[in-house]
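If you're matching them up, the sequences are chains A and B in order. Sequential numbering of the first sequence, starting at 3, is according to the working numbering. Sequential numbering of the second sequence, starting at 2, is according to the working numbering. Glycine included, C-beta positions come from ideal geometry on N, C-alpha and C. First the structure, in the form of structure tokens, and then the observations on it.
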Amino acid sequence: MSEVASRSSIASTRAGGGLGAIGETALQWFVKLLPGLALLVFWQWASGRLIKEIYVSKPTAVVARLYELFSSGEIYPHLWITGQELVLGYVIGVAGGVFAGYSLGRSPRLARIFEPYVMAFYGIPKIALAPLFIIWFGIGIGSKVALASIMVFFLVFYNVFAGVRSVDRELVNLTLIMGANQRQLTYHVFLPAAAPFVMLGMRLAIPYSVIGVIVGEFTSSVQGLGLFIHEASSTYDPAGVFAGIVILLGFVTIANLIAGAIERRLLRWRTLSGSGPIDA
Amino acid sequence: MDDRVLVFDGIGQDFPSPGQRTQIRVLDGISFEAARGKFIAVIGPSGCGKSTLLQMAAGLLLPTRGTVHHHGRKVTSINTEVGFVPQQAQLLPWKTLGENVELPLVLRGVPAQERQKRVDDVLGSVGLTGFEQHFPSQLSGGMQKRGSIARTLVYRPDVILMDEPFGALDAQTRMVMQSDLQTLSMEAGATVIFVTHDITEAVLLADNVVVLSQRPSRLLANIAIDLPRPRNMFEPFKNPGFAAAYDAVWTEFRSQIQAGQIH
């Protein structure tokens with residue numbers, strides 16, 4: 003068995019990067035897709051047989067519902083609002099997290115003063131703030147952006163803070179002796195050293211921004227995917243709920259792809275050394 | 002013109018001891034000097050504060066007592082006129098070898114055209130031509146070390162501080178590196194302060210060997226090594242006079258090892 007496998011791999015190497023390689027990647031993709039396909043098939047089969055369709059809907063119904071939502075244009079206002087909230091919440095949270103994490107990481111004095119406060123706020127379940135934010139920022143996009151960005155902020159903040167603090171002191175001293183001023187030190191040493199941590203924080207923050215936005219919309223809103231899902235579930239429309247979830251899945255997947263591409267570009271030196279970024 | 006490039010004058014250093022209110026005296030009244038273009042090796046038992054002396058010369062640490070003068074100027078802050086080669090190569094992992102070696106020139110505002118030429122030259126002299134595009138993680142330990150030395154030579158400091166630079170290398174690589182360092186330091190004409198705990202290495206490389214005692218460290222001896230150059234790094238005992246020179250250093254050093262305490 004293993005002999006066959008090794009022979010076929012030799013054959014494919016002989017064939018050169020051409021057709022053999024394409025066949026191999028296609029096979030890999032197929033193997034990757036298999037569990038997902040199996041799940042979908044089982045879902046389709048079980049719906050109405052093992053579990054009532056009113057509870058779990060079925061894939062074909064979800065697809066039909068998605069098509070209907072997009073062709074009628076019903077979903078676009080929701081998408082537009084949620085999309086804005088996600089992007090704004092994420093960007094504000096990341097920017098704040100990088101800035102605060104970097105400042106506190108660079109200054110032990112600031113860190114000593116502010117770290118206990120940040121720790122205390124970190125401990126608060128941010129979801130509990132949703133009602134408060136709605137009072138403060140209204141039921142429009144402001145409250146959702148605030149909730150998403152505060153969730154993103156803490157994740158990014160802690161990663162960047164840890165990243166900047168982990169920079170080897172000797173590396174810093176050497177660069178100073180080589181003639182670096184503070185600005186050059188930041189650009190040549192601290193930022194690149196913190197980059198893997200920043201990227202990790204940014205990746206982890208993607209699902210959290212979605213949670214923040216959706217929870218905000220669940221709590222109170224006039225438009226958005228969260229509201230759409232909420233309404234679908236309270237009118238016993240599981241196909242609608244799943245359709246909403248599929249769209250969110252699309253958001254997260256696209257965001258992950260973008261983050262992965264940025265990461266591969268920024269952290270090329272790590273990929274080459276064999277300890278490449280972990281694909282989430 | 003004063004020929005004494007670097008002068009350590011009555012250096013004393015105390016460090017707070019962990020958990021206690023008392024201070025540990027590490028260095029006590031150490032004085033020696035390095036003339037232009039001389040190679041000074043500093044040896045002593047581990048933990049005696051050899052590396053601390055280098056940190057003072059680089060301005061990373063102010064001595065508790067005494068002063069370090071570099072060209073007659075008291076060192077009180079980061080000294081950018083020296084070069085520092087640490088124990089580990091410490092190349093920046095996110096820069097290629099070429100970018101790493103170029104960095105000091107970038108920091109010092111050298112124009113791009115001249116940077117390129119100087120990087121090419123220095124990489125050639127340490128034998129790393131063709132590896133500019135490699136990241137440090139793609140280089141062997143010895144090559145990283147060469148890169149680290151090139152990064153220092155490239156901005157032509159007149160004093161190079163080396164902190165057990167070959168300690169982590171295997172025996173063969175080490176001999177080759179010692180031999181190349183002899184050539185490079187003779188060519189560069191720089192003053193070198195070389196910290197090591199290896200007597201053979203000290204005797205082979207240095208014009209003067211400074212022997213320190215155990216903590217609190219005092220200067221036991223400052224021994225001139227008058228072996229002709231270039232010296233043979235691969236077969237130490239074939240250098241005429243090596244045995245006598247080694248003996249002179251060992252006689253001073255022996256008492257410190259027989260004192261028996263391992264720090």
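Straight-line gap, residue i to residue j (C-alpha atoms, nearest Å)
i	j	result
residue 149(A)	residue 222(A)	13 Å
residue 254(A)	residue 132(A)	22 Å
residue 152(B)	residue 220(A)	58 Å
residue 266(A)	residue 258(A)	12 Å
residue 17(A)	residue 28(A)	Interpretation of residue 17(A) is limited by its pLDDT of 44, a score under 50 that renders its predicted location unreliable; no figure is taken from the coordinates.
residue 128(B)	residue 87(A)	56 Å
residue 10(B)	residue 117(A)	43 Å
residue 184(A)	residue 64(A)	56 Å
residue 216(A)	residue 114(A)	35 Å
residue 192(A)	residue 169(A)	7 Å
residue 101(B)	residue 187(B)	24 Å
residue 190(B)	residue 139(B)	31 Å
residue 244(B)	residue 174(A)	41 Å
residue 246(B)	residue 99(B)	40 Å
residue 54(A)	residue 45(A)	11 Å
residue 16(B)	residue 25(B)	5 Å
residue 110(A)	residue 151(A)	25 Å
residue 136(A)	residue 61(A)	35 Å
residue 235(A)	residue 243(A)	6 Å
residue 126(B)	residue 126(A)	59 Å
Endpoints, the beta strand (DSSP E) within which residue i is located
i	result
residue 40(B)	40-44
residue 9(B)	5-17
residue 32(B)	24-36
residue 164(B)	160-164
Rounded distance between the beta-carbons of residue j and residue i, thought under 8 Å
i	j	result
residue 161(B)	residue 69(B)	Going by Cβ atoms, the distance from residue 161(B) to residue 69(B) rounds to 15 Å, so no, they are not a contact pair.
residue 195(A)	residue 165(A)	7 Å
residue 92(B)	residue 77(B)	About 29 Å separates the two Cβ atoms, so there is no contact after all.
residue 256(B)	residue 29(B)	Their Cβ separation, rounded to whole angstroms, is 17 Å, which puts residue 256(B) and residue 29(B) out of contact at 8 Å.
residue 179(A)	residue 83(B)	7 Å
residue 41(B)	residue 61(B)	Not confirmed; about 19 Å, so no contact.
residue 210(A)	residue 157(A)	6 Å
residue 199(B)	residue 225(B)	Residue 199(B) to residue 225(B), Cβ: 19 Å. No contact.
residue 67(A)	residue 241(A)	4 Å
residue 108(B)	residue 182(A)	5 Å
residue 180(B)	residue 235(B)	7 Å
Beta-carbon proximity of residue i to residue j, cut-off 9 Å
i	j	result
residue 167(B)	residue 133(B)	no
residue 55(B)	residue 164(B)	yes
residue 1(B)	residue 148(B)	With chain B covering 2 to 264 only, the question about residue 1(B) has no answer from this structure.
residue 106(B)	residue 116(B)	yes
residue 213(B)	residue 46(B)	yes
residue 163(A)	residue 98(A)	no
residue 204(A)	residue 261(A)	yes
residue 271(A)	residue 96(B)	yes
residue 238(A)	residue 83(A)	no
residue 65(B)	residue 13(B)	yes
residue 250(B)	residue 204(B)	yes
residue 31(B)	residue 170(B)	no
residue 241(B)	residue 229(B)	yes
residue 218(A)	residue 145(A)	yes
N-terminal and C-terminal residue of the alpha helix (DSSP H) that residue i is part of
i	result
residue 55(A)	55-58
residue 49(A)	First-last for residue 49(A): undefined, no H or E at that position.
residue 82(A)	78-108
residue 237(A)	Element bounds for residue 237(A): n/a, residue is neither H nor E.
residue 61(A)	61-74
For the stretch 167-228 of chain B, list the alpha helix (DSSP H) runs that are entirely contained and at least 4 residues long, ordered along the chain.
172-189 and 200-206
Of all the residues that make up the stretch 153-182 of chain A, which are near chain E by a beta-carbon distance shorter than 7 Å?
Structure shown: chain E not included; protein chains present are A and B.
Beta strand (DSSP E) runs wholly inside the stretch 46-82 of chain B, at least 3 long, in chain order:
66-71
Contained alpha helix (DSSP H) runs [length at least 4] in the stretch 120-206 of chain A, N- to C-terminal order
132-139, 143-167, 171-179 and 184-187
Which whole runs of the alpha helix (DSSP H) in the stretch 105-168 of chain B are 4 residues long or more, in chain order?
113-126 and 142-154
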